[in-house]
Amino acid sequence: MFNLYTSAGHPDLPGTTEEEEEDEDYENTAPPYKDLPPKPRLDLTPAVSTSPSLATPASQRHQESGGPRCCPAERLVCLWLLVVMTLLLGCAGLAVTLIKYQEVVEELRTFRQTMWEANVTGMAGLAGLKKDIDRIRADTNQSRGKLWGLLECSGITCPEGWLPFECTCYYFSPSTRSWDEAREFCQDNFSHLVIVSSFAEQNFLAKAHDSPWMYWLGLSDRDQEGDWRWLDGSPVTLSFWEPEEPNNINNEDCASMNRGGTWNDLSCFKTAHWICERKCSC
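So the sequence shown is residues 145 to 426, counted in this note's numbering.
See the structure below:
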């Protein structure tokens, strides 16, 4: 019966002789315990949960987690404080910058004022120096003219009562006549009313008469009012008029020299002293 089930391919029923034999062989076989690692002991201690208990207060949880956490309101306050501090620092920096800027502007203003004063002083000094140079040049020309007069006319003398200057003789009248009468006197004495042609000659004439009298010059604007010309027809290129002269009050068409050498226009019919000039025969 047993063989028939086996040969037919049916599985053996539980509790058969072969299974029992295999169980007995396994139980009689001693496993090599000495080669196996020891089994870990089981820890029967109840596990403690690490998650915070629902009954634990929030403050205690904060302390256990390392400190308080900022809420959104506190963060906003901190942010505003940071912004305020930044603005204060910016305002302080701007104030310092403005103060420095004002100091620089003031220094620049002082520097410009100093430069302007130095420029004005320098210009005044240059003007004074130019006047000194002109005066020295005039004195030099006068001295040179006197020297030339002495050298060129050293062999002759001017007529009695005439003064030499640069090989020219000058006559200063002691009496007075009208302008036309004075011109006729000069012509009768082989001369003419003086014609001023240089600074040196002007200075010589001004110093030579040195009197409060007025002396006729060979200058008039009879032909055309305001067009002053010398007796030889040449225009005036060098003049020494008094301030606000000539003014042509009462038809003043003839020129005269005052004390100090300045010129003035007078009526040709008035009487005044006169100056004649003539070339000396060197």
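Every residue, glycine too, gets a C-beta built ideally from N, C-alpha and C.
Distance, Leu-273 Cα to Gln-257 Cα | Cα to Cα, Gln-257 sits roughly 24 angstroms from Leu-273.
Applying the criterion that 16 or more other CB atoms from any shown protein chain within 10 Å of the CB defines a buried residue, is Thr-312 buried or exposed?
-> Burial of Thr-312 is indicated by the presence of at least 16 other C-beta atoms within 10 angstroms of its C-beta.
Measure the beta-carbon distance from Phe-384 to Gln-331 and round it to whole angstroms, keeping in mind my assumption that it falls under 8 angstroms.
-> Not quite, the Cβ-Cβ distance comes to about 25 angstroms (not below 8 angstroms), so this is no contact.
Alpha-carbon to alpha-carbon, Ser-355 and Gly-362 | Just so you know, the alpha carbons of Gly-362 and Ser-355 end up roughly 19 angstroms apart.
What does DSSP give as the partner residues of Tyr-314 in its beta bridges?
-> Per DSSP, Leu-307, Glu-421.
Can Leu-273 be considered in contact with the ligand COA, in the sense that its beta carbon sits closer than 8 angstroms to one or more heavy atoms?
-> The ligand COA is not among the ligands present in this structure, which contains no ligands whatsoever.
Pairing CB atoms from the stretch 237-254 with CB atoms from the stretch 314-326, are three or more of them under 8 angstroms?
-> By the Cβ rule, the stretch 237-254 does not count as touching the stretch 314-326, because fewer than three pairs are nearer than 8 angstroms.
Host beta strand (DSSP E) of Asn-408 (start-end) = Run containing Asn-408: 407-410, per the beta strand (DSSP E) assignment.
Over the uninterrupted alpha helix (DSSP H) stretch that includes Ala-350, give me the two end residues.
-> Where Ala-350 is concerned, the enclosing alpha helix (DSSP H) stretches over 343-353.
Run the CB neighbour count on Met-229, radius 10 Å, all protein chains shown included, and call it buried at 16 or more, exposed below.
-> Burial call: exposed.
Could you work out which residue in Ala-268, Leu-375, Gly-404 is closest to Ile-339 when comparing CA atoms only?
-> Minimum Cα-Cα distance from Ile-339 among the listed residues Ala-268, Leu-375, Gly-404 corresponds to Leu-375.
Using DSSP bridges, identify the partner residues of Leu-337.
-> Per DSSP, the beta-bridge partners of Leu-337 are Cys-420.
When Phe-348, Leu-242, Val-227, Cys-215 are compared against Gly-405, the one with the closest alpha-carbon | Among Phe-348, Leu-242, Val-227, Cys-215, the Cα nearest to that of Gly-405 belongs to Phe-348.
Taking the alpha carbon of Ile-415 as the point to measure from, which residue in Trp-323, Thr-381, Ala-268 has its own alpha carbon closest?
-> Contrary to the premise, residue 415 reads as Thr rather than Ile in this sequence. When only C-alpha atoms are compared, the closest one is Trp-323.
Taking C-beta to C-beta, are Arg-403 and His-353 nearer than 9 angstroms?
-> Result yes, Cβ atoms of Arg-403 and His-353 sit closer than 9 angstroms.
Which same chain residues, not among the five before or five after Ile-419, have their C-beta less than 8 angstroms away from its C-beta?
-> Excluding residues within five positions, the ones whose Cβ falls inside 8 angstroms are Tyr-314, Tyr-315, Phe-316, Ser-317, Leu-337, Val-338, Leu-349, His-353, Tyr-359, Trp-360, Leu-361, Met-401.
Sequence-distant residues of the same chain with beta carbon closer than 7 angstroms to Cys-302, five excluded per side | Around Cys-302: Pro-308, Cys-313, Cys-424.
Just the C-alpha distance for Arg-366 and Phe-329, rounded to the nearest angstrom, thanks.
-> If you draw a straight line from the Cα of Arg-366 to the Cα of Phe-329, it comes to about 20 angstroms.
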